[in-house]
Each structure stands twice: as structure tokens, then as C-alpha cells.
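Colleague: Here the sequence shown is numbered in this note's numbering, starting from 8 and rising by one per residue.
Ideal Cβ placement from N, Cα and C applies to all residues, glycine included.
Values in this document were obtained by computation on a predicted structure and should not be read as measured data.
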Amino acid sequence: MLKQKYLAYAISVALTPAALSLSMSANANDKSEEEIEVIEVTSIRESITSSLNSKRYADGVVDSLSADDIGSFPDTNVAESLQRIPGVSITRVLGEGEQVSIRGFAPGQNLTLINGQQLQSSGFELQGATLGRATNFSLLPATMTQTVEVYKSSEAKLPDGGVGGTVNIITRKPLVQKDKTLALVNTSLNYNSNTEETDPDLSALYSWKNDDDNFGALISLDYQDKDIRRDAFEITRYTEANLTDINGNTASGFLPEQAQGITFLQQRKRETVMVALQYQPTDSLDLNFSYLDSTMEGDNKSFGLVTDRNIFKKADILNFTEENGIFTSVAFGDLGKIARSSHRNRDAEITNKIVTFEGTWTGDNSSLTFAIGGSESAGGQGDRNQTDIEVPGSVITSIADGVGSNDFGALDLTDFSHLRMDNYARRIDSTENENSYASLDYTYYLEDSFITSINIGARYLEAEQLSSRVIYNNTSRVPVVDEEGNVLREAMRRNSNFNVGMFGDLGNMTNDYVATVYQYLDPNSVEAYDCENIGGDSNGSDDLGTFNSMCGFFTGRSVEGGSTWKVEEETTSFYVQANFESEFDWGVLRGNAGVRYMSNDTTIYNFSNLATQEEKNAFNYNYVEDGDSDKTLPAINVVFDLENDWVIRTAASTVISRPQYTQLARAVDIQNIDDDDQVNGRVTKGNASLEPFEANKYDLSVEWYYDEGQSVSLGAFYYDVKTFVINEETEEDLLGDGNTWIVNQPVNAEGGSVNGFEFAFTHNLDELIEGFGFQFNYTWLDADSGQTAVISGEERDLPLAGLSENTYNAVVYYSQGPWDARLSYNYRDEFYLDQYGELSRFSDEIKRLNMKVNYKFENGLTAYIQGSNLTDEKNVKYFGTPSMPYQTGETGANVRVGLQYKF
8 MLKQKYLAYA ISVALTPAAL SLSMSANAND KSEEEIEVIE VTSIRESITS SLNSKRYADG
68 VVDSLSADDI GSFPDTNVAE SLQRIPGVSI TRVLGEGEQV SIRGFAPGQN LTLINGQQLQ
128 SSGFELQGAT LGRATNFSLL PATMTQTVEV YKSSEAKLPD GGVGGTVNII TRKPLVQKDK
188 TLALVNTSLN YNSNTEETDP DLSALYSWKN DDDNFGALIS LDYQDKDIRR DAFEITRYTE
248 ANLTDINGNT ASGFLPEQAQ GITFLQQRKR ETVMVALQYQ PTDSLDLNFS YLDSTMEGDN
308 KSFGLVTDRN IFKKADILNF TEENGIFTSV AFGDLGKIAR SSHRNRDAEI TNKIVTFEGT
368 WTGDNSSLTF AIGGSESAGG QGDRNQTDIE VPGSVITSIA DGVGSNDFGA LDLTDFSHLR
428 MDNYARRIDS TENENSYASL DYTYYLEDSF ITSINIGARY LEAEQLSSRV IYNNTSRVPV
488 VDEEGNVLRE AMRRNSNFNV GMFGDLGNMT NDYVATVYQY LDPNSVEAYD CENIGGDSNG
548 SDDLGTFNSM CGFFTGRSVE GGSTWKVEEE TTSFYVQANF ESEFDWGVLR GNAGVRYMSN
608 DTTIYNFSNL ATQEEKNAFN YNYVEDGDSD KTLPAINVVF DLENDWVIRT AASTVISRPQ
668 YTQLARAVDI QNIDDDDQVN GRVTKGNASL EPFEANKYDL SVEWYYDEGQ SVSLGAFYYD
728 VKTFVINEET EEDLLGDGNT WIVNQPVNAE GGSVNGFEFA FTHNLDELIE GFGFQFNYTW
788 LDADSGQTAV ISGEERDLPL AGLSENTYNA VVYYSQGPWD ARLSYNYRDE FYLDQYGELS
848 RFSDEIKRLN MKVNYKFENG LTAYIQGSNL TDEKNVKYFG TPSMPYQTGE TGANVRVGLQ
908 YKF
């Protein structure tokens with residue numbers, strides 16, 4: 008009977024580590040051992056078979072990856088593995104997968120769990136992107152992971168917060184391992200074509216359980232030392248300008264400004280420790296303790312040669328070329344300061360710590376699971392200092408090749424020692440996240456009933472994010488006053504009128520996008536300068552007082568705290584879910600239906616620009632705002648498991664994701680400027696009262712499992728977006744005194760939709776060559792955000808950020824005897840990034856070719872070679888159209904060779 012075969016597979020799935028992720032999987036403790044079909048995963052093919060079985064017998068739209076599936080790919084972290092699942096795409100920072108998008112929704116609109124519990128995360132933010140609520144997967148090495156589940160449809164018992172979907176990472180547990188004692192060591196060397204360096208990786212795992220198989224301990228260690236280099240050319244901004252050259256020719260169009268060749272170097276070290284203890288004192292009680300500590304350090308250096316802003320207003324325009332409203336080439340005449348050589352040092356660190364204690368009691372017809380724990384993380388751009396050197400002369404800026412270049416002509420860029428310092432600054436940016444939670448889940452099992460079990464649960468979560476910035480700068484505050492002498496605001500003025508040669512020797516730098524060698528000043532040499540031994544005019548400065556004030560900065564007397572805020576959240580939720588199953592002549596009907604209630608209270612603490620410097624330095628917030636929201640979230644999943652190995656799956660639910668932290672809280676800027684006597688002033692601020700992003704979500708899929716480890720499926724989905732967040736200006740009576748203020752802040756907007764379909768095909772080619780097979784999946788997405796922007800001179804609908812219309816993954820594998828080999832190709836279309844002023848930024852298509860070959864010796868030794876980004880693809884970004892390039896960069900191809908030994 009189909010039901011008996013279904014039960015055998017379901018119990019097999021339930022007894023995998025997925026069942027230990029609290030209430031994430033159904034309990035089937037009352038079934039006999041003879042019904043269980045266990046698939047031992049030891050090869051690529053077996054891991055594919057295991058993943059397909061998990062997908063087939065799930066009650067919702069769920070994809071999964073087994074441990075060997077993850078370990079069999081050139082994956083430095085879990086994100087690199089997840090990109091092979093239909094509808095999942097990843098965001099790479101410096102070439103490594105860091106954030107996960109599901110069905111086109113931005114990383115922060117998906118939820119990541121560790122063993123069923125929410126993870127707080129931070130990022131380096133090296134390229135200016137704020138991580139927000141997204142998870143930084145670069146801190147999660149694949150070695151710690153047993154199984155990864157991706158829930159695309161929702162269930163009432165799932166924690167809320169994932170609009171696109173929910174990723175549940177299930178870590179290894181000792182009593183689940185087949186061997187009583189297991190020791191695994193993996194060591195490798197990685198070569199990168201950009202850095203031309205070879206770096207080591209080392210991981211080890213040890214698992215033990217006693218003779219009674221009721222107590223075990225597991226420890227996993229991971230160490231990575233990696234050099235990264237990104238060479239790029241960037242056009243930071245485009246300005247609408249009217250140009251007239253020295254011959255009287257005129258034209259209007261978008262002018263590329265602040266063009267720069269840039270090199271970024273990072274020495275990255277990652278250390279991860281995971282400890283798991285598991286104790287089963289009786290057949291009915293299972294206790295688990297887990298601790299994860301992951302730290303990543305980045306010694307970051309960036310070098311750039313960038314043209315100055317607004318030089319078209321200062322220099323003669325010798326000639327230009329204009330095409331379709333874009334200046335593709337402009338020659339600027341000699342100017343005292345035409346560019347600057349910039350060098351930044353950044354010492355950044357990310358940490359993640361997770362502690363969990365959970366227990367499950369199972370009775371004759373019920374089970375009870377509790378969990379308590381928390382996580383904390385810290386990150387940010389870290390301690391950054393920067394120097395800029397003035398570069399005089401003339402330059403030709405061109406974007407005719409779709410990349411960009413600067414030609415400084417005969418200027419000697421290797422002799423900067425006599426030039427003036429343009430700027431010296433230091434800034435410390437940090438984010439701190441923490442949460443603590445408690446959850447209780449109860450399941451009651453019914454016999455001989457259409458309703459097979461009922462889940463009831465509650466969850467309480469406290470979360471906090473603190474974002475702080477301290478600025479040290481060689482600037483002074485200058486008041487800006489109106490005609491009557493009233494102070495309107497303060498502006499910053501730089502004091503840096505001295506030569507750079509006094510600080511010692513300069514360094515040399517070049518990259519593929521700046522053919523000329525140029526010099527830079529290391530900020531560390533400025534910090535180390537002996538300000539106590541300034542002698543008369545020997546410092547080369549015409550203004551000794553200015554230099555002395557700068558030395559005062561060196562000793563830390565010029566400090567400014569700013570852009571600092573804190574968000575506190577309390578979330579309480581309750582759910583009830585009924586699971587059902589019944590057999591009919593045509594097959595089995597199964598699934599679940601339930602409802603979840605969520606209540607959230609938010610408090611933000613912030614500074615306004617009216618705060619005193621003493622308040623900022625002491626972090627005494629002068630702006631506090633409260634907000635709250637509550638949602639009722641129904642969910643239903645219905646599966647028709649047919650006799651002929653066909654599965655029809657339907658699902659509907661209401662899903663939410665909370666606003667990003669930077670939308671809830673940001674610097675409050677109050678300007679009492681009254682130009683037309685109609686408004687009292689302008690206010691820019693966050694909004695603690697924002698409602699979550701909310702959508703009604705629908706799924707329909709048809710799947711055919713025509714043989715073991717082989718299937719074809721087609722699914723469609725639709726999101727009816729009820730509300731999302733945009734920036735908007737409104738007029739409000741803030742003080743209740745009848746005076747109107749213009750308020751710029753995030754607000755909830757209505758409307759929008761996301762729809763698409765997913766196709767997946769897995770097939771063995773044994774009939775042609777035994778051991779060969781392939782996987783292919785394709786996702787098509789379309790979205791209407793309800794927002795528009797002017798792109799390439801015309802108003803167009805804006806898609807959701809991060810959404811690629813077409814994404815596909817193709818894999819060819821060979822798994823026979825001691826050999827396991829895999830070749831994969833990942834592709835995603837261009838996608839919208841964000842708004843930069845009035846211009847929209849896009850990323851061009853992304854392509855990756857990866858491979859891995861394993862050979863397993865009989866003594867437990869496995870040798871492998873793997874490669875990622877083998878074709879050394881460039882990352883291309885642009886403003887609206889490829890004719891207006893924004894950034895073109897490359898991080899190189901990677902080849903890794905390694906040995907793994909299982910004791």
C-alpha cells in the first residue's frame with residue numbers, strides 16, 4: 008500500500024537530525040523498526056536521493072541538503088551550498104557567498120534558524136551594505152552542518168519573519184552519528200588567481216558516545232586563513248551637467264564623476280568552534296546542549312586614485328564626447344587639484360556566539376519540547392583610518408568601453424612627496440546584536456483519526472541592535488548663519504595644509520584598471536608621527552597653527568560621536584496547528600493547517616542633531632520613540648500523494664518580515680529652515696511604528712518521482728504584497744501646535760506582487776554510462792513593487808531589490824566506486840540594487856562555474872581537488888543602463904586541493 012511505503016519514508020526522514028530540530032519535523036515514535044527504510048549517505052548520488060526523499064515526504068514546499076551533499080561541493084560556507092536549490096540565490100561579498108535570497112526577496116526578508124531557533128548576525132559591511140536582519144553565512148562553515156532545510160511555504164509552527172522563506176540549519180549531534188567514535192580531519196590549500204597566494208584551511212570533528220548509546224559529545228573545529236584581492240574601476244556618481252568646451256561646443260547629459268581605480272586587499276581569518284552534548288537518560292527524554300563560537304578577523308586595506316567631485320565646474324573642458332545623453336569621454340584641463348590618492352586601513356572583526364539548551368519528552372500519545380538560549384554577534388566596518396593626497400594636473404575620464412578609465416597623461420604619479428595632504432580621518436563603526444528566547448512546543452497524537460496530531464506552542468524573544476559610530480577628523484565646525492545672524496546649522500571645514508613627505512616614504516600601487524603606478528600614504532605612518540618634535544617651518548606647512556591642531560587630533564582630542572542608535576524589540580507568539588492524513592483509493596491526502604499570532608513591541612533610542620556633543624559622547628539619547636504591531640498569520644499545506652508516484656502540493660499562508668533596523672532608527676535631522684513661511688521646518692528620521700512587510704503567499708506544484716533518486720517537478724507561486732516600506736515626505740503637525748513640518752521617513756505603502764515558477768529535473772544516466780547523472784533547475788520571477796524611477800530617460804516600474812528574472816543551476820555528476828565528481832554552473836540575470844539619489848543601480852548577470860573531484864581510498868583517506876569561479880567572471884554594476892557603468896571588479900578564480908581522513 009502507498010500509505011505503508013509513505014510511512015516507511017516518513018519515519019526515515021523523521022529519524023534523521025531534522026527530527027531533532029525541536030518541533031520542525033513530525034514525531035513518529037510509535038512505528039516499528041521494520042517499517043524504516045534508512046538511506047546511508049556516502050556519495051553524491053546517495054545524498055541527492057536522500058534530499059529528494061525529504062522533499063517528497065514533506066508536508067510543505069521544502070527543499071533540503073544532506074551533510075554529504077554539502078561536503079561534496081567546493082563550499083566554503085552554507086550559502087554556497089544553498090545556491091543549488093531552486094529559487095535560491097546568494098549575494099557574494101569579495102567573491103564568497105554571504106547572504107541568501109529566496110524567490111527574489113532581499114536577504115533581510117528571509118529567516119535563518121539554527122536548530123529551529125533564530126540567529127542574530129552582523130557583517131563586515133565592507134562595501135557599504137548594511138546587513139540588517141540578514142544572516143551572514145560566511146561565519147557558518149559547512150563542516151558544522153548535518154542538514155539544511157529550506158521552507159518555501161509557511162507553517163503555523165514555524166517562527167515568523169521569513170517572507171521569501173525560512174532556512175533551518177541543523178547542526179551535528181553525537182547520538183545521531185553511526186559510529187560510537189568518529190574522528191574526521193580535513194586540510195586543504197587554496198590558490199587564488201588574483202592574489203597569487205596559497206592559503207590553508209583546516210577543520211576537524213570528533214564525536215563520541217558511550218556503550219549505552221544514551222550520552223555523547225561532539226566537537227567541531229574550523230580554521231581558515233585567506234587572502235582576498237578585488238581590483239575594480241568605479242564611477243561613484245553621475246551628474247546632469249551642461250558642458251561647454253574651450254572651442255565653444257555645448258552639450259547636456261549625464262557626466263561621470265569621482266571615477267577611480269580601486270584595489271581592495273583583505274587578510275581574512277575565521278575560527279569556529281562548535282560543541283554539542285546529548286543525553287537520553289530514558290527512552291522518553293532527549294536533552295541537548297550546543298554552543299557555537301565563530302570569529303572572523305579582516306585586516307583590510309584599500310587603495311584608490313579618484314578624480315575630484317565637481318571638477319567640471321573648476322577646470323577647463325578641453326573636449327568631450329556625448330552619446331544619447333551620456334558623456335562617454337571628457338578631457339579636463341590642468342587644475343591644482345584634479346584627483347586624490349586615497350588609502351584606507353580597516354581592522355574589522357565579526358563574531359557570532361550561540362548557546363542553546365533544549366529537551367524533548369515523548370509519551371505514549373504526546374510530546375513536549377522546550378528550548379532556551381540566545382545568540383549575540385558584533386561587527387561593522389571596524390576601526391578605519393584614511394589618508395588622501397592631492398593630485399594636480401589634467402585627466403581624461405572615459406566610459407566608452409563600458410568599464411571606465413582615467414588617463415592622467417604625462418603626470419608623474421610616482422612623486423607625491425611634495426604634495427599637500429587633502430584629508431586624514433579616523434572612524435570606528437560597530438554593530439552589536441543580541442537576542443534571548445524561550446519556546447515551548449506540545450504535540451498530541453490521535454489514533455484512527457483524520458487529524459493525526461495537534462501542535463500547540465508559544466515563543467518569547469527579546470532582541471536588540473546597537474549601531475554606533477565615533478569619528479575622529481581633522482576638521483572644525485563652522486556655523487552657517489542667515490542674514491540676521493541666526494545659526495542655521497554647522498558645516499565641516501578641513502584643516503590639512505601641509506606636505507605629505509614629512510611622514511616618511513610613500514608606497515606604490517597599481518591594478519588592472521589603473522595601468523600607471525601611483526603612490527599612497529599609509530595612515531598608520533600618520534598616526535605614528537611624532538607630534539612632539541615639530542620644528543618651526545621644517546614641517547613644510549605655511550600654517551603651523553593648523554598643523555598643531557591636527558596633532559591635537561592625533562592625540563585623540565578631536566572626537567565626535569554620531570549616527571548612533573539602538574533598537575529594542577520584544578516579540579511574543581502563539582500557534583496551534585493540526586496535522587492530517589487519510590488514505591483514499593487514489594492515494595494519500597496529508598498536510599497541516601493552523602494559525603500563528605504574533606505581537607511585537609519596538610523602542611528606538613536615537614540622537615537628533617540638536618543633541619549636544621557631550622550627550623553623544625556619553626550616549627545619552629535625546630530621542631526615543633515606541634511602536635507596536637500584532638498579526639494573525641494563518642497557514643495551510645495540502646499534499647495529494649498519488650499511487651503512480653505523482654505528488655500534487657498546494658499551500659497558502661500570510662507571511663511577514665519586520666522592517667530593517669535602519670528603517671526603524673536613523674539619525675534625526677531637524678532643520679528649522681523656513682524658506683516660504685509655509686512650513687516650520689524639515690525632519691528626517693526613522694519610524695518605530697512601521698508595520699511589517701506583509702504578503703499573502705500561494706503555492707502549487709506537481710512532482711513526479713519516477714525512480715529512486717530521480718524526479719521532475721514544476722511549481723508556481725504568487726505573493727500578494729499587502730504592505731511594504733518606502734521613503735516618503737509627509738506634512739505633519741509634530742508638536743500639536745498647528746505648525747506644519749515636512750517629515751522624511753520610511754512609511755508603509757500598499758500594493759505589489761511577486762510571482763514565478765520553479766522547474767527541477769534530476770536524472771541518472773546509468774543506461775548510457777553507469778554512475779553518471781545530472782541535475783537542472785530553473786526559476787522565473789516577476790515582481791511589481793508599485794514604485795517607479797526614471798531609468799535611461801524614461802519612467803519605469805522598479806522590481807524588488809535583489810530579484811533576478813531568470814536563475815538556473817546545472818550540475819553534471821559522476822558517482823561510481825571510489826570516485827565522486829561534480830561540475831556545476833550557476834547563472835542569474837541582472838537585478839536591481841538600490842536608489843542612489845535619482846539614479847537606480849543594477850547588477851549585471853552573474854555566472855559561476857564550479858567543480859569538485861573526490862577519490863576515496865579504502866583506509867578512510869579521501870583526496871580531492873575543487874575549484875570555484877573557474878572562468879574568473881567579473882562583477883559588473885551600472886546605473887540604469889550598461890552605458891553608465893558603476894563598478895566593474897574581479898576577485899579571481901579559486902583552486903583548492905585537500906585531504907580528508909576519517910579515523
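If I follow the unbroken alpha helix (DSSP H) through Ala-86, where does it start and stop?
Modeller: Position 79 of the sequence shown, counting from 1, holds the residue named residue 86. Per DSSP, Ala-86 belongs to the alpha helix (DSSP H) from 85 to 89.
Colleague: With distance defined between alpha-carbon atoms, name the residue in Arg-347, Asn-833, Glu-715, Tyr-705 nearest to Glu-880.
Modeller: By one-based count along the sequence shown, residue 880 stands at place 873. Checked all of Arg-347, Asn-833, Glu-715, Tyr-705; the closest Cα to Glu-880 is Asn-833.
Colleague: Does DSSP put Thr-119 in a helix, a strand or coil?
Modeller: Position 112 of the sequence shown, counted from the start, is the residue given in the question as residue 119. In the structure shown, Thr-119 sits in a strand (DSSP, three-state: E or B).
Colleague: Can you tell me whether DSSP reads Gln-153 as helix, strand or coil?
Modeller: Reading the sequence shown from its first residue, position 146 is the one you call residue 153. Of the three classes helix, strand and coil, the one that applies to Gln-153 here is strand, per DSSP.
Colleague: Between Gln-285, Val-507, Arg-110, which has its C-alpha nearest Glu-365's C-alpha?
Modeller: Taking the first residue of the sequence shown as 1, we reach residue 365 at position 358. Selected option, being the one with the closest Cα: Gln-285.
Colleague: Gly-887 and Leu-846 look like a contact to me (Cβ under 8 angstroms); what is the Cβ gap, rounded to whole Å?
Modeller: The count along the sequence shown starts at 1 and reaches residue 887 at position 880. The count along the sequence shown starts at 1 and reaches residue 846 at position 839. Indeed, because the Cβ distance is near 6 angstroms, the residues count as touching under 8 angstroms.
Colleague: At a cut of 8 angstroms, does the region 630 to 646 reach the region 687 to 700 through at least three beta carbon pairs?
Modeller: At 8 angstroms Cβ cutoff, the stretches touch.
Colleague: Closer than 7 angstroms by C-beta to Ala-702: which residues in its own chain qualify, once you throw out the five before and the five after it? Chain order, please.
Modeller: Taking the sequence shown and counting its residues from 1, one reaches residue 702 at position 695. Taken in chain order, the residues that qualify are Val-170, Val-662, Tyr-726, Asp-727, Val-728, Lys-729.
Colleague: Taking 7 angstroms as the threshold (C-beta atoms), are Gly-874 and Val-904 in contact?
Modeller: Within the sequence shown, residue 904 is the residue found at index 897, counting from 1. Within the sequence shown, residue 874 is the residue found at index 867, counting from 1. No.
Colleague: Report yes if the C-beta distance between Arg-275 and Gly-305 is below 7 angstroms; otherwise report no.
Modeller: Stepping through the sequence shown from its first residue, residue 275 is reached at position 268. Stepping through the sequence shown from its first residue, residue 305 is reached at position 298. Yes, the Cβ-Cβ distance between Arg-275 and Gly-305 is below 7 angstroms.
Colleague: What three-state label does DSSP hand Gln-667 in the structure shown?
Modeller: Translated into positions along the sequence shown, residue 667 becomes position 660. The answer is coil: DSSP assigns Gln-667 none of H, G, I, E or B.
Colleague: So, are the CB atoms of Thr-194 and Leu-212 less than 7 angstroms apart?
Modeller: Counting from 1 along the sequence shown, the entry for residue 194 is found at position 187. Counting from 1 along the sequence shown, the entry for residue 212 is found at position 205. For Thr-194 and Leu-212, no; Cβs fall outside 7 angstroms.
Colleague: Buried or exposed, going by whether 16 or more other CB atoms sit within 10 Å of the CB of Ala-417?
Modeller: As a first step, residue 417 must be located in the sequence shown, where it is residue number 410. Exposed is the call here.
Colleague: Counting only the same chain and skipping the five closest in sequence on each side, list residues whose C-beta sits under 6 angstroms from that of Asp-549.
Modeller: Position 542 of the sequence shown, counting from 1, holds the residue named residue 549. Caution is warranted here: a pLDDT of 38 is assigned to Asp-549, below 50, making its placement in the model unreliable, and the coordinate value is therefore given only provisionally. Counting only Cβ-Cβ distances below 6 angstroms, and skipping sequence neighbours, we find nothing.
Colleague: If you follow the alpha helix (DSSP H) that Ile-55 is part of, which residue opens it and which one closes it?
Modeller: The sequence position of residue 55 within the sequence shown is 48, counting from 1. First-last of the alpha helix (DSSP H) with Ile-55: 51 to 63.
Colleague: Can you list, in chain order, the residues of its chain with a C-beta nearer than 6 angstroms to that of Gln-106? Leave out the 5 residues immediately preceding and following it.
Modeller: As a position in the sequence shown, residue 106 is number 99, starting the count at 1. The answer, listed in chain order, is Thr-98, Pro-114, Ala-141.
Colleague: Check for me: the beta strand (DSSP E) holding Asp-323 runs from which residue to which?
Modeller: As a first step, residue 323 must be located in the sequence shown, where it is residue number 316. Where Asp-323 is concerned, there is no enclosing beta strand (DSSP E), given that its DSSP letter is neither H nor E.
Colleague: Give a yes or no on contact between the region 221 to 230 and the region 282 to 298, applying the rule of three or more CB pairs nearer than 8 angstroms.
Modeller: Judged by Cβ distances under 8 angstroms, the region 221 to 230 makes contact with the region 282 to 298, as three or more pairs qualify.
Colleague: Mind checking who Arg-391 pairs with in its DSSP beta bridge?
Modeller: Residue 391 sits at position 384 when you count from the first residue of the sequence shown. DSSP, once it has assigned bridges, lists Arg-353, Arg-434 as partnering Arg-391.
Colleague: Roughly how many whole angstroms lie between the Cα atoms of Arg-484 and Asp-300?
Modeller: Start at 1 with the first residue of the sequence shown, and residue 484 comes out as number 477. Start at 1 with the first residue of the sequence shown, and residue 300 comes out as number 293. Any answer about Arg-484 is weak, because its pLDDT of 46 lies below 50 and its placement is not dependable; what the coordinates show is given next. So the two alpha carbons sit approximately 43 angstroms from each other.
Colleague: What did DSSP end up calling Val-398 once you bin it into helix, strand or coil?
Modeller: If you number the sequence shown from 1, residue 398 lands on position 391. Looking at Val-398 - three-state DSSP - the assignment turns out to be strand.
Colleague: Which residue wins for smallest C-alpha separation from Ala-600, given the options Val-675, Thr-459, Met-516?
Modeller: Position 593 of the sequence shown, counting from 1, holds the residue named residue 600. Among Val-675, Thr-459, Met-516, the Cα nearest to that of Ala-600 belongs to Thr-459.
Colleague: Can you confirm whether the region 198 to 208 touches the region 179 to 189 when touching is taken to mean that 3 or more C-beta pairs between the two stretches lie within less than 8 angstroms?
Modeller: Contact between the region 179 to 189 and the region 198 to 208 is absent, because fewer than three Cβ pairs lie under 8 angstroms.
Colleague: Asn-117 and Gly-172: beta carbons closer than 7 angstroms?
Modeller: For the purposes of this step, residue 117 is taken as the residue at position 110 of the sequence shown. For the purposes of this step, residue 172 is taken as the residue at position 165 of the sequence shown. Taking 7 angstroms as the Cβ cut-off, Asn-117 and Gly-172 qualify as a contacting pair.
Colleague: Nearest to Glu-897 by CA position, among Pro-825, Ser-580, Thr-56, Glu-103, is which residue?
Modeller: By 1-based counting over the sequence shown, the position of residue 897 is 890. If we check each option's Cα against that of Glu-897, Glu-103 comes out closest.
Colleague: Measure the alpha-carbon distance for Ile-318 versus Ser-309 and round it to whole angstroms.
Modeller: Within the sequence shown, the letter at position 311 stands for residue 318. Within the sequence shown, the letter at position 302 stands for residue 309. Rounded to the nearest angstrom, the two C-alpha atoms are 23 angstroms apart.
Colleague: When you compare the CB positions of Asn-442 and Gln-472, do they come within less than 7 angstroms of one another, or not?
Modeller: Position 435 of the sequence shown holds residue 442. Position 465 of the sequence shown holds residue 472. No, these two residues do not count as a Cβ contact at 7 angstroms.
Colleague: With 16 other CB atoms within 10 Å as the buried threshold, where does Gly-135 fall?
Modeller: Here the question's residue 135 lines up with position 128 in the sequence shown. At Gly-135, the pLDDT of 41 sits below 50, so the modelled position is not reliable and the matter cannot be decided from this model.
Colleague: Over what stretch of residues does the beta strand (DSSP E) that includes Arg-236 continue unbroken?
Modeller: Locating residue 236 in the sequence shown gives position 229, where the first residue counts as 1. Counting along the chain, the beta strand (DSSP E) containing Arg-236 begins and ends at 222 to 251.
Colleague: Work out the CA separation of Phe-339 and Gly-111 for me, nearest whole Å.
Modeller: Within the sequence shown, the letter at position 104 stands for residue 111. Within the sequence shown, the letter at position 332 stands for residue 339. So the two alpha carbons sit approximately 42 angstroms from each other.
Colleague: Only counting the same chain, and skipping five residues up and downstream in sequence, which positions put a Cβ closer than 6 angstroms to that of Asp-851?
Modeller: Along the sequence shown, read from residue 1 onward, the residue named residue 851 stands at position 844. Once the five neighbours on either side are set aside, the close Cβ partners of Asp-851 are Glu-837, Val-883.
Colleague: Report yes or no: do three or more beta-carbon pairs, one from the region 226 to 236 and one from the region 371 to 386, lie closer than 8 angstroms?
Modeller: Short answer: they don't touch.
Colleague: With a 10 Å radius around its C-beta and 16 neighbouring C-beta atoms as the bar for buried, classify Arg-316 as buried or exposed.
Modeller: For the purposes of this step, residue 316 is taken as the residue at position 309 of the sequence shown. The residue is exposed, with fewer than 16 neighbouring Cβ atoms inside 10 Å.
Colleague: Ordered along the chain, which non-local residues of its own chain (more than five positions away) have a Cβ less than 6 angstroms from that of Tyr-821?
Modeller: Looking up residue 821 in the sequence shown gives position 814. For Tyr-821, where only same-chain residues beyond five positions count, the Cβ hits under 6 angstroms are Gly-778, Phe-779, Ala-828.
Colleague: Taking all protein chains shown into account, decide if Leu-868 is buried (16 or more other Cβ within 10 angstroms of its Cβ) or exposed.
Modeller: Here the question's residue 868 lines up with position 861 in the sequence shown. Exposed, because fewer than 16 other Cβ atoms sit within 10 Å of the Cβ of Leu-868.
Colleague: Using the Cα positions of Leu-189 and Glu-264, report the straight-line distance between them to the nearest angstrom.
Modeller: Here residue 189 refers to the residue found at position 182 when the sequence shown is read from its first residue. Here residue 264 refers to the residue found at position 257 when the sequence shown is read from its first residue. Straight-line Cα distance between these residues: approximately 59 angstroms.
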